[in-house]
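What follows is a single structure, written as structure tokens, with notes after it.
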């Protein structure tokens, strides 16, 4: 028996890139035209960051809570669990994040960020809505295997990070999205998928912007 340290992540993967993306194709075929509603929700979240008005944060977090809950059930439990025994655990994490986002929708929101952090937040949300559907044809997989916000986990996590940055969400709400970014990126890397870098890049951009903004506010408050 080999020593445990000789194993890599690829030794534990129970599926190939072809099987992984075939699930999205099957889900997209079964759920269409729900994609229109999901993208409309995503655009509503982006609009809430572009024109932040009273109640915008409640709407944004409420829609994100629904998106995380739907991905937990419709994708992770109903489909991804067929090829990955860890999927129920991922679904539980997405359920917890949905509850945290719902809590944020009910509490009094913090004032949104301004300046460069706001622009970064809007960019990250927009990337979650626009980049992931385009990655499929760019990678030669066809539109049927596209990943859409509110239905697939990666674009949902990406857009969420932008919202967390924009509305200055407390650090506990960052843990599960960042953990998913790391897990998904590692999986895609082992599957030799070219887009493995996209999610951690956006996560790093959002996290650094949030840290820099918080540090700047502490510095201003100390003066």
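Numbering (this note's numbering), first residue to last: 76 to 298. Yeah, the Cβ is synthetic: ideal placement off N, Cα and C, and Gly gets one too.
Would you mind working out which of the options sits nearest residue i, comparing C-alpha positions?
| i | options | result |
| --- | --- | --- |
| residue 163 | 241, 98, 149, 175 | 149 |
| residue 282 | 187, 111, 192, 265 | 192 |
| residue 300 | 103, 124, 195, 248 | The first residue shown for the chain is 76 and the last is 298, placing residue 300 beyond what the model contains. |
| residue 276 | 253, 262, 266 | 253 |
| residue 124 | 189, 102, 167 | 189 |
| residue 251 | 210, 135, 172 | 172 |
| residue 131 | 278, 242, 270 | 242 |
| residue 145 | 133, 240, 174, 289 | 174 |
| residue 278 | 263, 268, 257 | 257 |
| residue 136 | 289, 263, 267, 178 | 178 |
Measure the Cβ-Cβ separation of residue i and residue j and say whether it is below 8 Å.
| i | j | result |
| --- | --- | --- |
| residue 246 | residue 230 | no |
| residue 346 | residue 116 | Given a span of 76 to 298 for the chain in the structure shown, any question on residue 346 remains unanswerable. |
| residue 228 | residue 151 | yes |
| residue 199 | residue 233 | yes |
| residue 187 | residue 127 | yes |
| residue 259 | residue 274 | yes |
So, for residue i: in the same chain, excluding its five sequence neighbours on each side, which residues have a beta-carbon less than 7 Å away from its beta-carbon?
| i | result |
| --- | --- |
| residue 139 | 120, 176, 235, 238 |
| residue 100 | 219, 220 |
| residue 280 | 195, 199 |
| residue 113 | 223, 224, 225, 226 |
| residue 201 | 121 |
| residue 289 | none |
In chain order, what residues of the same chain lie with their CB nearer than 8 Å to the CB of residue i, ignoring the 5 residues before and after it?
| i | result |
| --- | --- |
| residue 287 | 192 |
| residue 89 | 158, 159, 160 |
| residue 83 | Confidence is the limiting factor: at residue 83 the pLDDT is only 49, short of 50, which leaves the residue's position unreliable, though a coordinate-based value still follows. Excluding residues within five positions, the ones whose Cβ falls inside 8 Å are 265. |
| residue 167 | 147 |
| residue 103 | 110, 219, 220, 221, 223, 226 |
| residue 106 | 149, 226 |
| residue 154 | 98, 101, 102 |
| residue 133 | 180, 181, 184 |
| residue 272 | 260 |
| residue 143 | 169, 170, 172, 173, 176, 231, 235 |
| residue 197 | 121, 124, 125, 237, 241 |
| residue 267 | 92 |
| residue 212 | 218, 221 |
What does a CB cutoff of less than 6 Å around residue i pick up in its chain, not counting 5 residues either side in sequence?
| i | result |
| --- | --- |
| residue 255 | 232 |
| residue 210 | 270 |
| residue 91 | none |
| residue 165 | 151 |
| residue 263 | 271 |
Report yes if the C-beta of residue i is less than 7 Å from at least one heavy atom of the ligand ZN; otherwise report no.
| i | result |
| --- | --- |
| residue 207 | No copy of the ligand ZN occurs in the structure displayed, which carries no ligand at all. |
Contact the segment 181–190 vs the segment 215–234: 3+ CB pairs below 8 Å: By the Cβ rule, the segment 181–190 does not count as touching the segment 215–234, because fewer than three pairs are nearer than 8 Å.
Given 8 Å as the limit, is there contact between the segment 89–96 and the segment 142–160, that is, 3 or more CB pairs closer than that? Flag = yes, the segment 89–96 and the segment 142–160 touch.
What are the complete alpha helix (DSSP H) segments, minimum 4 residues, inside the segment 147–207? Within the segment 147–207, the complete alpha helix (DSSP H) runs of at least 4 residues are 162–181.
Unbroken beta strand (DSSP E) runs of length 3 or more, entirely within the segment 210–246: which are they? For the beta strand (DSSP E) assignment, the segment 210–246 encloses no uninterrupted run of at least 3 residues.
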